[in-house]
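Remarks on the structure that follows.
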Amino acid sequence: MSSARLTATCGPITFQNPVLAASGTFGYGSEFEHFFPVASLGGFVTKTLFVEPRDGNPAPRVAETSTGMINSIGLANVGWEAFVKEKVPDLKATVGAAKMLVNIAGNSPDEYRAIAARVEGDRERIGCAGIEVNVSCPNVKEGGTNIGCDRDQFQAAVRGVRQETSLPIFVKLSPNVTDVVPFAGCAMDEGAEGVSLINTLYGMQIDVEKRRPVLGTGSGGLSGPAILPVGVYWTYKVRAAFPDLPILGIGGIATWRDALQYLLAGAQAIQVGTAAFVNPLACVEIIAGLERYCSQRETTITELSGAAHREGRLAEPATWTG
Amino acid sequence: MSSARLTATCGPITFQNPVLAASGTFGYGSEFEHFFPVASLGGFVTKTLFVEPRDGNPAPRVAETSTGMINSIGLANVGWEAFVKEKVPDLKATVGAAKMLVNIAGNSPDEYRAIAARVEGDRERIGCAGIEVNVSCPNVKEGGTNIGCDRDQFQAAVRGVRQETSLPIFVKLSPNVTDVVPFAGCAMDEGAEGVSLINTLYGMQIDVEKRRPVLGTGSGGLSGPAILPVGVYWTYKVRAAFPDLPILGIGGIATWRDALQYLLAGAQAIQVGTAAFVNPLACVEIIAGLERYCSQRETTITELSGAAHREGRLAEPATWTG
Amino acid sequence: MTPSPTAAGVFALPLASTADIAAGTSWLRFRPPPDTACEPGQFFMLSTVAPSPVAYLGRPFSIGDVRDGEWFFMLRALGRGTAWLRTLELGTMMRLVGPLGVGFARDESKVHRMIAGGIGLAPFLFLARRLRTEQPEAAIELYYGERDARSHIELTADEKELFDTVERFTDDGSLGIAGSVVDGLENRWAEPEVAWYGCGPQPMLRAAAAKLEEHDVDSAQFAFEERMACGFGVCQACIVPNRYPPPRYHLLCTEGPVLEIGKVAW
Amino acid sequence: MTPSPTAAGVFALPLASTADIAAGTSWLRFRPPPDTACEPGQFFMLSTVAPSPVAYLGRPFSIGDVRDGEWFFMLRALGRGTAWLRTLELGTMMRLVGPLGVGFARDESKVHRMIAGGIGLAPFLFLARRLRTEQPEAAIELYYGERDARSHIELTADEKELFDTVERFTDDGSLGIAGSVVDGLENRWAEPEVAWYGCGPQPMLRAAAAKLEEHDVDSAQFAFEERMACGFGVCQACIVPNRYPPPRYHLLCTEGPVLEIGKVAW
Ligand SMILES: Cc1cc2nc3c(=O)[nH]c(=O)nc-3n(C[C@H](O)[C@H](O)[C@H](O)COP(=O)(O)OP(=O)(O)OC[C@H]3O[C@@H](n4cnc5c(N)ncnc54)[C@H](O)[C@@H]3O)c2cc1C
Ligand SMILES: Cc1cc2nc3c(=O)[nH]c(=O)nc-3n(C[C@H](O)[C@H](O)[C@H](O)COP(=O)(O)OP(=O)(O)OC[C@H]3O[C@@H](n4cnc5c(N)ncnc54)[C@H](O)[C@@H]3O)c2cc1C
Ligand SMILES: Cc1cc2nc3c(=O)[nH]c(=O)nc-3n(C[C@H](O)[C@H](O)[C@H](O)COP(=O)(O)O)c2cc1C
Ligand SMILES: Cc1cc2nc3c(=O)[nH]c(=O)nc-3n(C[C@H](O)[C@H](O)[C@H](O)COP(=O)(O)O)c2cc1C
Ligand code: FES
Ligand code: FES
Chain A
1 MSSARLTATC
11 GPITFQNPVL
21 AASGTFGYGS
31 EFEHFFPVAS
41 LGGFVTKTLF
51 VEPRDGNPAP
61 RVAETSTGMI
71 NSIGLANVGW
81 EAFVKEKVPD
91 LKATVGAAKM
101 LVNIAGNSPD
111 EYRAIAARVE
121 GDRERIGCAG
131 IEVNVSCPNV
141 KEGGTNIGCD
151 RDQFQAAVRG
161 VRQETSLPIF
171 VKLSPNVTDV
181 VPFAGCAMDE
191 GAEGVSLINT
201 LYGMQIDVEK
211 RRPVLGTGSG
221 GLSGPAILPV
231 GVYWTYKVRA
241 AFPDLPILGI
251 GGIATWRDAL
261 QYLLAGAQAI
271 QVGTAAFVNP
281 LACVEIIAGL
291 ERYCSQRETT
301 ITELSGAAHR
311 EGRLAEPATW
321 TG
Chain B
1001 MSSARLTATC
1011 GPITFQNPVL
1021 AASGTFGYGS
1031 EFEHFFPVAS
1041 LGGFVTKTLF
1051 VEPRDGNPAP
1061 RVAETSTGMI
1071 NSIGLANVGW
1081 EAFVKEKVPD
1091 LKATVGAAKM
1101 LVNIAGNSPD
1111 EYRAIAARVE
1121 GDRERIGCAG
1131 IEVNVSCPNV
1141 KEGGTNIGCD
1151 RDQFQAAVRG
1161 VRQETSLPIF
1171 VKLSPNVTDV
1181 VPFAGCAMDE
1191 GAEGVSLINT
1201 LYGMQIDVEK
1211 RRPVLGTGSG
1221 GLSGPAILPV
1231 GVYWTYKVRA
1241 AFPDLPILGI
1251 GGIATWRDAL
1261 QYLLAGAQAI
1271 QVGTAAFVNP
1281 LACVEIIAGL
1291 ERYCSQRETT
1301 ITELSGAAHR
1311 EGRLAEPATW
1321 TG
Chain C
2001 MTPSPTAAGV
2011 FALPLASTAD
2021 IAAGTSWLRF
2031 RPPPDTACEP
2041 GQFFMLSTVA
2051 PSPVAYLGRP
2061 FSIGDVRDGE
2071 WFFMLRALGR
2081 GTAWLRTLEL
2091 GTMMRLVGPL
2101 GVGFARDESK
2111 VHRMIAGGIG
2121 LAPFLFLARR
2131 LRTEQPEAAI
2141 ELYYGERDAR
2151 SHIELTADEK
2161 ELFDTVERFT
2171 DDGSLGIAGS
2181 VVDGLENRWA
2191 EPEVAWYGCG
2201 PQPMLRAAAA
2211 KLEEHDVDSA
2221 QFAFEERMAC
2231 GFGVCQACIV
2241 PNRYPPPRYH
2251 LLCTEGPVLE
2261 IGKVAW
Chain D
3001 MTPSPTAAGV
3011 FALPLASTAD
3021 IAAGTSWLRF
3031 RPPPDTACEP
3041 GQFFMLSTVA
3051 PSPVAYLGRP
3061 FSIGDVRDGE
3071 WFFMLRALGR
3081 GTAWLRTLEL
3091 GTMMRLVGPL
3101 GVGFARDESK
3111 VHRMIAGGIG
3121 LAPFLFLARR
3131 LRTEQPEAAI
3141 ELYYGERDAR
3151 SHIELTADEK
3161 ELFDTVERFT
3171 DDGSLGIAGS
3181 VVDGLENRWA
3191 EPEVAWYGCG
3201 PQPMLRAAAA
3211 KLEEHDVDSA
3221 QFAFEERMAC
3231 GFGVCQACIV
3241 PNRYPPPRYH
3251 LLCTEGPVLE
3261 IGKVAW
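Residue numbers (my numbering), protein chains in the order written: chain A, 1 to 322; chain B, 1001 to 1322; chain C, 2001 to 2266; chain D, 3001 to 3266.
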C-alpha cells in the first residue's frame, strides 16, 4: 500500500501510486513476483496482444546502445484466446491492487476494432481497468506504413477501438512523427481518456566486424535512459496543448528523479520499461523515492503533475537549437 | 596527411579522410589548434552563419543527459560580415588541407537565399569547398514552424540556395520528422550534392528541485552518444532509398567504431560534435582507429561506405518493434 | 534429479575477489547471503549497481561453482561488456539477478560425460561437484577443448578431483590432444549408459549433436547461449528455434539455458 | 602582471591522491608532465578517460594549487557529477583539459584582498602563493565564509603562511565570526590601494559588487561560474551578460572565468 500522497488520478482511473509497468517489459506479471509484489505497483500494462498469436521476429532481437537498447521483438504474443485462458487467472492474482491495462494492436484499423471487441467481451473475466492502444504497428495491408505515424490510419484505429468498448482508452503515441501533439489531439477528439507516451524511437546498430546490422530485422526500437529527454519534451508539449488530457509518461525512466521529470512536465503517472531489465527492483525504488520526495516537501503527486508549467517561465519550448 | 585508404569522396568534394568537425561544435577552428592540427581533419564545418549577427538564447544553454546533452544555444553567431572580416583569415590558415564547409541558415526561405548569395559573392575570399544548409530553424515569419520539418518550406529554402550558388550544397536534415527519406529526396531533386544527417533531436530536462525546465528556453536539441542509433538508422534508410546521394553521417560519434557504423550504413564521411567537448582529441583518435581498421583489413573508406547493404541480409528495416 | 527453478532474487554484493585462470579469463567470487540455492546450469545476470557507461544491460553468466556457500563465476572477456567486467576493482558493488533458468537434469547414469568448448567449461565444475555427491559411483568425464594453450584453463588439483577423466584438446595442439573435442570423441559416441552434457560455441554444439544423432543417442543436455536483455522471461529477446513448433521459439532464459538437443531446430 | 592565456592541452593522468578537507570537500592531486604552466584563476575540465555513466561531460575546476610541479584541485560535491568524482579510486585515469581561460591579473598593490564564499576558496591558495613570490612586500588577506563549521576548510599551517590575514565567517556562527563575509567587511570597502578578488556563490558576489560600487571602487576581479560543455570556447554555453553590449554576452570560458566586475550586467 502506498501512502495517499502518491495516489495518481488519470482521468477515470485512480492508481495507488504513479508507477506502472510498461508494456512488453514485464511479461505477464508472474516473472516479477520473485523480486517484489507486483500488486504494490500503481498499474500493470500487458504485453501487446493481437487477436491471433504472433511468433515475432528472428534473432538477434536486441542490441545494447549507449545507455539504452534497440529491440525488434516484433510484438511476439500468445494471442487473445490463450491470453484469457492461460495468462489471465495468474495475472489477475499477481496484479492485485495494481490496475491492469490491456495493451492491444492490430495490422489494420479493422484488426484494432476486432481486438477491442474481444477485450470488451471478456472485460469482466479479465478485470482490467482500461485499454492501452499500441499504434506502433505497420499496416500490413497498406504496405507497412506505420499506423501510429499516419494521421488517417491512426484516427481510424482509435475510432474503431472507441466504438467497440466503453473501457477507458489510453493511446500510446509514437515519437517517430514530426509532431506528437496533433496525434494526442486526435486521440482526445476520438474520445480516448488519455495518452501514453513515448514508444521507442527508430534505431539501428551495425556490427563493424560482420559489416551488417546487428538485429535480425535490421533496425529496432530505441529505449532506455538515452531517450529520457525526448519523452519529457513531448510530455511537456502535449500537456501544454491539452492541459486536461491525462498522460502516462514513458521513456528512459530508471530513477525517481527521472519519474519526477515526467510528472513535472505534465504526466499524471509514469511507466517503467527497459530499466527493469537491468534492475528488476527499479519500480520499487522509484516508488520509495517519490514517497520520500513528497513527504519531505509535503506535497502530492497530483500537485506535482504539470508543476513545471506553473512557473510561467517559458512561453513556448524553443524550436531553435544549435 | 592521412593515408590514401582514408580518402573520402562525397560527390564533388574529396576529403583527405572521412572525419569532419561538425557545425557549432568546433567554433572557428583556432580553439582546437592547442590540441591538434585542425588541418589533419577531413573537413571543417563552420558554426551556422546568418546574414545578421545573433546573440542566441539566454542561459542556461546546456544540460547534461544520459550519455548526451541538450543545448539551446540559439544559433548565436557573428553574422556574415564579421565572419568574413574577422574569422576567415585565421580560419583559412587553420583549416589548411581540410576542406571547409560554410554552414548557413535563415529565418525564412528568403533569408536562406540571401545568405547563400553572400557566400557565393565571397567564395574566393573564403576558400570554402561547399555549403552546408542547416534547416533546423523556425520560420519566424510563419509563426515558428521549423523549416526543416515542413516539406514546402524546406524545398523553398534549398531551391533558393541552389539558385544563388554553384558551390556544392549539403543539406543538413532534421531527425524530428516522420520520415527523413523524402526530405533527402527533395534535397536531391532540388540539386543538392548531398545531405548531412542528423541534427539534434528535440529534448527537455526538468530540474526536480526548482520544478521547471533546466534550459532557459525550456527545451533544446539532444546530441551525444545517446542518439547514435537514430543517426545510423536514418543513414541506412536514406542510403537504401538513394544509393547515389552522398551522406555526411552525424550524431553521437565518439569512437572509430561509431564512425564505422555510419560509414557501413551508407555515409561517405562523418562529422563529430559533442564528443569533442569531452575529449578534444576525439577526431584524431577516430582517424587513427579508421586507419588501423582499413590497413589491417586491406580495405578503404570507399569500399566500406554502404557495405552493410551489400550483405543482402535484410529486405527492409523493420517497422515493427516492441 | 530434475531441477526445479529456484526462486530468483536481486542481490547487491561487493566483488569479493578475482583470479586470473587463463588468457582473458577470471574467476569472480561473491559472498551471498546464506541459504540461496543454485542448481548447476542456472545463471545470473551481472551488472554494476552504479550504472555502467560501457554495458547498460546485465550480462548472463553460468553459476561456475559454489564452495563454502560462496558463488564463483568463470568469466571470459570476449567483447565490450565482458572486457569491462574483468577490469572491475575489488569491492565494486555488483547486482546479481538470479539464479535464473533451468539447469541440468541429473538422472542416474553410469557415466556422466561433459563436452566443453572454450568458456563452455563454465557450468561443468559445479555440475560435477553435485554429481559426485549425488551419484558417488558414477564416472564423471570431461572433454574440454580450447583454441590454444594460452586460453586453456588449468584446473586446480581439487577441481581435477571432481572428474574421473579429463581429456584436453587444443585446435593448434599446443596443449593436450590436437584437434577438436568432437573429433577426439570419435569412437565414444555410441557407448551405452552415458548421460551427455554440452556447452560451447554453436558450431561445436551443432557438430556434437550431429554425431549423437548419427549414433542414435536421443538424449543430451546442452547449455545454449543467446543475447539476453532481462534473463527472466519478460523481454522475449532470447529465442531459440523450436524443432517442433508451435511455438516457433523457445525462450532460452526460462525454458533453458539447458535444453534437450532434440528440442532445438539447428 | 597580466596573465596571458597559456596553451591548453589534453592530459591523461592517473588520480595520484585525494584528501578530505571538509564535509563533501577533497583535494585531488595529479602529476603533470614537467613545464606545464598554469596561472591562478585558470581552470581545467575534468572527466574520466573511460566514459562515465554519471557525468558525460567534463566538469570545470579551478587550478587550486601547484606545488612541486603537481596540480591540486579543491573539489566540493554539490551535485551528481561532483559527488561521483569524489568517489573515484586512486589511479583512475582522468582527462584534464587545460589550463583554460584567463586568470587573475596581478597588478602591484599594497593589499591583495580575497573574498571567498564556500568552494569559492578554490582559486585563492594558488593566487596567494604566486603573489607572495611576486610581491613579497604586499599584504595578502583572505575573507572566507562558509555555511557552518562542518563545511569549513581548515587551512594547513603552510597554507596559512600564504596570507597575512585570514578572517573566517560562518552563517550560523559555529566557527569564526557569525554572518556573511560581505557584512563582516563593513568598514573596509573604502580602504585605498586594495586589489580585490572574489569567488563564490552568485548572491554573495552580487552583494560584494554592490558594496564596492557604493564605495566607488571601480576595479575588482571576480571568478564567475556558468554551465560549461566544452570549456574552450566552441559550444557557446557559458554566457554571462555583458554590461556594455555588443556583444550581448561574454563567453566565460575564454574571456573569463575571471572578469572585471564592471563588465558584467548583474
Ligand atoms: C545463459 C548464459 C550463460 C553464460 N555463461 C557464461 C559464463 O559462465 N562465462 C562467460 O564468460 N560467458 C558466459 N556467457 C556468455 C556471456 O554472457 C557473453 O560472453 C557476454 O554476454 C558477451 O558480452 P560482451 O559485452 O562482452 O560482448 P559483446 O559482443 O560486446 O556484446 C554485445 C552484445 O551481445 C551480447 N552477446 C554477445 N555474445 C554473447 C553470448 N555469447 N551470449 C549471450 N549474449 C551475447 C551481449 O549481451 C551484448 O548485448 C553466457 C551466456 C549465456 C546466455
Ligand atoms: C570556471 C569554474 C571553476 C570552478 N572551480 C571549481 C573548483 O575549483 N572546485 C569546485 O568544487 N567547483 C568548482 N566549480 C564548480 C563546479 O564545476 C560545479 O560544482 C560542477 O560543475 C557541478 O557539477 P555536478 O554534476 O556536481 O552538479 P549538478 O548540479 O548535478 O550538475 C548539473 C549540470 O549543471 C552544471 N553545473 C552545476 N553547478 C554548476 C556550477 N556551479 N558551475 C558550473 N556548472 C555547474 C554541471 O556542469 C552539469 O552540467 C567551478 C566552476 C567553474 C565554471
Ligand atoms: C552546442 C551545440 C551547438 C550546435 N550548433 C549547431 C549549429 O550552429 N549548426 C548546426 O547545423 N548544427 C549545430 N549543432 C548540431 C551538431 O552539428 C550535430 O548535428 C549534433 O550535435 C549531433 O552530433 P553529435 O551527437 O556528434 O553532437 C550543434 C550541436 C551542439 C551540441
Ligand atoms: C523489449 C521491449 C519490448 C517492448 N514491447 C512493447 C509492446 O509489446 N507493446 C508496447 O506498446 N510497447 C512495447 N515496448 C515499449 C515500452 O513499453 C516503452 O514504451 C519503451 O521501451 C520506452 O520506455 P523505456 O525506455 O522505459 O523502456 C517494448 C520495449 C522493449 C524494450
Ligand atoms: S532474456 Fe528476456 S526473455 Fe529471455
Ligand atoms: S563552455 Fe563551451 S564556449 Fe564556454
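From the three backbone atoms N, C-alpha and C, an ideal C-beta is built for every residue, glycine too. All values derive from a computational prediction rather than experimental measurement.
What is the rounded straight-line gap between the Cα of residue 91 of chain A and the Cα of residue 2042 of chain C?
25 Å
Beta-bridge pairing of residue 2017 of chain C - partner residues as DSSP gives them:
C:2029
Contact with chain C by residue 277 of chain A, beta-carbon distance below 8 Å
yes
Within chain C, partners of residue 220 of chain A - CB distance below 9 Å:
Ordered by position in chain C, no residue passes the 9 Å Cβ test against residue 220 of chain A, which lies about 11 Å from the chain.
Strictly below 7 Å CB to CB, what residues from chain A border residue 1067 of chain B?
66, 67 and 226
Interface partners of residue 2052 of chain C on chain D, CB under 8 Å
3053
Taking DSSP as the reference, what is the three-state secondary structure of residue 1309 of chain B?
helix
If we count the other Cβ atoms within 10 Å of its Cβ and call it buried at 16 or more, is residue 1315 of chain B buried or exposed?
Confidence in residue 1315 of chain B is poor, its pLDDT being 43 and thus under 50, which makes the residue's placement unreliable; the coordinate value appears in the next sentence. Exposed, because fewer than 16 other Cβ atoms sit within 10 Å of the Cβ of residue 1315 of chain B.
Let me make sure I understand the geometry here. Which of B:1177, B:1215 and B:1225 has the alpha-carbon closest to that of residue 1205 of chain B?
B:1215
So, at 7 Å on beta carbons, what are the nonlocal neighbours of residue 26 of chain A in its own chain, with the 5 sequence-adjacent residues on each side left out?
32, 44 and 276
Please check if any C-beta of chain C sits within less than 8 Å of the C-beta of residue 34 of chain A.
yes
Going by Cα to Cα distance, which pick from C:2067, C:2015 and C:2035 is closest to residue 2158 of chain C?
C:2067
Using only CA atoms, which one of B:1028, B:1009 and B:1008 lies nearest to residue 3234 of chain D?
B:1028
Could you run through the segment 3085-3112 of chain D and flag, in chain order, every residue whose CB is less than 8 Å away from some CB of chain C?
3089
At a Cβ threshold of 8 Å, is residue 2047 of chain C touching chain A?
yes
Endpoints, the alpha helix (DSSP H) within which residue 3244 of chain D is located:
Taken as a continuous stretch (DSSP letters only), residue 3244 of chain D belongs to no alpha helix (DSSP H), as it is neither H nor E.
Go ahead and pull the three-state DSSP assignment for residue 2189 of chain C.
coil
Write down the C-beta distance between residue 2054 of chain C and residue 2081 of chain C rounded to the nearest angstrom, noting that I regard them as a contact closer than 8 Å.
6 Å
Going by DSSP, what residue range makes up the alpha helix (DSSP H) through residue 1301 of chain B?
1301-1304
Tell me which residue opens and which closes the alpha helix (DSSP H) that residue 1234 of chain B is part of.
1228-1241
Beta bridge counterpart(s) of residue 99 of chain A as assigned by DSSP:
A:43
Does the CB of residue 1217 of chain B have a neighbour CB from chain D at under 8 Å?
no
Could you compute how far the alpha carbon of residue 3018 of chain D sits from the alpha carbon of residue 3046 of chain D?
15 Å
Residue 1038 of chain B: which of B:1284, B:1309 and B:1306 sits nearest, CA to CA?
B:1284
When the distance is taken between beta carbons, is residue 2163 of chain C closer than 8 Å to residue 2177 of chain C?
no
Kindly list the residues whose CB is nearer than 6 Å to the CB of residue 317 of chain A, restricted to its own chain and excluding five residues on each side of it in sequence; keep chain order.
Any reading at residue 317 of chain A is ruled out, since the residue's pLDDT is 48, under 50, leaving its predicted position unreliable.
Give me the residue from C:2130, C:2009, C:2213 and C:2153 with the minimum Cα distance to residue 2266 of chain C.
C:2213
Hey, how far is the Cα of residue 3061 of chain D from the Cα of residue 1168 of chain B?
43 Å
Kindly indicate which residue of B:1162, B:1140 and B:1237 has the alpha-carbon position closest to the one of residue 1309 of chain B.
B:1237
Under 8 Å between C-beta atoms of residue 1243 of chain B and residue 1011 of chain B:
no
Under 8 Å between C-beta atoms, does residue 25 of chain A make it to chain C?
yes
Just curious, the alpha helix (DSSP H) that residue 2211 of chain C is in, first and last residue?
2202-2214
Does residue 2106 of chain C pass the burial test, meaning 16 or more other C-beta atoms within 10 Å, or should it be called exposed?
buried
Going along chain B, which residues have a C-beta under 7 Å from residue 112 of chain A?
Correct list: empty, because the minimum Cβ distance to chain B is about 15 Å.
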